[in-house]
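Under our numbering, the first residue of the sequence shown carries the number 301, and numbering increases by one thereafter. Worksheet: the structure to be examined is printed underneath.
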Amino acid sequence: MHASLFADSPARQIQATRRYRRYRKEFVEDFSGPPAPAGAVLSFLSVLDAGTRAEDLAVCLAALRAQSDAAWEWLIGLPDDGGDIPAELAREPRVRVLPGAGTAPLTFNALLAAAKGETIALLDPTGRPTRDAVAMIRAAFATHADCMLAYTDEEMLDEGGAPRDGVFKPAF
């Protein structure tokens with residue numbers, strides 16, 4: 301049998317998922333609050349497209365509301381044809397929804413100009429930031445004042461929304 305058949309088998313995927321969940325339990329979401337010193341407010345920017353679902357926005361908002369560090373804002377740029385925005389987004393004072401500006405880059409520039417925070421993070425509207433994401437990002441920029449760019453790892457979820465795997469970027 302070819303080795304790739306075993307590597308991609310359901311049993312192997314179950315084993316990898318269990319290993320990742322053990323790792324996650326020990327090392328992910330371990331900031332209970334903003335580590336001192338914490339930097340400025342973190343501004344998340346999302347440019348929506350016509351395919352963005354209201355349910356995904358609601359789940360992303362729930363993940364932001366669950367943050368251990370509440371110093372964030374979320375600016376959302378609508379597609380030019382409008383879009384469905386959950387009513388709870390309008391009720392969240394840290395969320396601002398702006399109209400589209402013609403193209404995704406122009407909409408992004410408008411969001412960037414409207415951001416209150418000194419630290420900007422792109423946020424996939426289908427994303428679910430871990431509960432310590434804001435604390436970790438703010439701490440990284442506060443601790444390393446010369447830092448101009450940071451990137452984060454990603455987490456893959458199964459069909460039920462449970463963590464399945466991690467995509468880890470290298471440290472340079």
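Just so you know, even glycine gets a beta-carbon here, dropped at the ideal spot from N, CA and C. Here the structure is a predicted model, which means the values were calculated and not measured.
Have a look at the DSSP bridge pairing and note the partners of Pro463.
-> Leu457
Answer yes or no: the CB of Val359 versus the heavy atoms of the ligand PLP, is any distance below 7 Å?
-> With respect to the ligand PLP, the structure shown offers nothing to examine, as it has no ligands at all.
Considering Thr443, what are the terminal residues of the alpha helix (DSSP H) in which it resides?
-> 433–443
Around the Cβ of Glu418, are there at least 16 other Cβ atoms within 10 angstroms (buried) or fewer (exposed)?
-> exposed
Under 8 Å between the Cβ atoms of Leu411 and Leu457?
-> no
Excluding five sequence neighbours on each side, which residues of the same chain lie with their C-beta closer than 8 Å to the C-beta of Ala415?
-> Ser343, Leu345, Glu373, Leu375
With a threshold of 16 other CB atoms inside 10 Å of the CB of Val467, please say whether the residue is buried or exposed.
-> exposed
Nearest-angstrom Cα distance between Ala390 and Glu355?
-> 15 Å
Beta-carbon contacts of Tyr451 that lie in its chain and below 6 Å, excluding the five residues immediately before and after | Lys469
First through last residue of the alpha helix (DSSP H) which encompasses Arg396 = Premise fails: Arg396 lies in the beta strand (DSSP E), 395–398, not in any alpha helix (DSSP H).
Endpoints, beta strand (DSSP E) assigned at Phe344 | 342–347
For Ile314, which three-state DSSP category applies?
-> helix
Starting from the C-beta of Arg324, find all residues in its chain whose C-beta is less than 6 Å away, skip the five residues before and the five after it, and write them out in chain order.
-> Pro463
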